[in-house]
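Everything on this sheet refers to the single structure shown next.
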Amino acid sequence: MAEIFPLFVSYQQLAVFNHSLDNPFNDWKPRHVSQGFSWRAESVSFRVPEGENYIVEVLQDSEVSALIGEPSRIILTPFLRIRDNSVTVGSITEENSILIDEAAKYQLSFELLRRGVYEEKEFEHGIRLRFVKEENPIFEIRKADDEMDASSELELVAQPAE
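Heads up, the final residue of the sequence shown is numbered 153 in the numbering used here, and it's a clean run with no missing numbers.
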């Protein structure tokens, strides 16, 4: 079942990680910043524009999105769910637990919506996350905006933030 919630985003990053992971947030090298994400197998952080109040939608498989709006960024990364029954979606100051039943490899899709509508209310920033079970997930910047560099080789190794 799709989950939608408001989120206070701090330090321009939204993180998705296994619920019980120690040190879940990632360090950012300059290339991570320019590509828009910092990745480890159980934790991925996405860079988002300045702003604090976002609406976040988490979908599984082919669930239909309730957010209306055209994404300005689309980033695909692998995500390995191996602990507990939940994944955490959040930022430094606020988190939400999302139930994902099966420990498996997932293709995680991140979409940044600059403006949009949810339940007839406009929002300035929206994030759509989709988890799809996939044995061979990929890394791909499918759509980049002006703040991103999609032409350079991707940096696919991150360290936990201290």
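Even for Gly, the Cβ is constructed at its ideal location relative to N, Cα and C.
Keep in mind it's a predicted model, so treat the numbers as computed, not measured.
- Contained alpha helix (DSSP H) runs [length at least 4] in the stretch 24 to 56, N- to C-terminal order: none
- Query: Contact check, Ser36 vs Asn17 under 8 Å by CB: the rounded distance?
  - Reply: 5 Å
- Query: Any idea what DSSP makes of Pro21, helix, strand or coil?
  - Reply: helix
- Message: Please state the DSSP three-state secondary structure of Leu99.
- Response: strand
- Item | beta strand (DSSP E) segment containing Asn9, residue limits | Gln4 to Asn9
- Query: Leaving out five residues before and five after Ala141 in sequence, what residues of the same chain have Cβ atoms less than 7 Å from its Cβ?
  - Reply: Ile132 and Ala135
- Could you say which of Asp92, Glu61 and His23 lies nearest to Val148 if we only look at CA atoms? His23
- Message: In this structure, how does DSSP classify Thr68 when only helix, strand and coil are distinguished?
- Response: strand
- Query: Which residues bound the beta strand (DSSP E) around Glu153?
  - Reply: Counting along the chain, Glu153 falls outside any beta strand (DSSP E), and DSSP gives it neither H nor E.
- Pull up the distance between the alpha-carbon of Glu126 and that of Ala94, whole angstroms please. 12 Å
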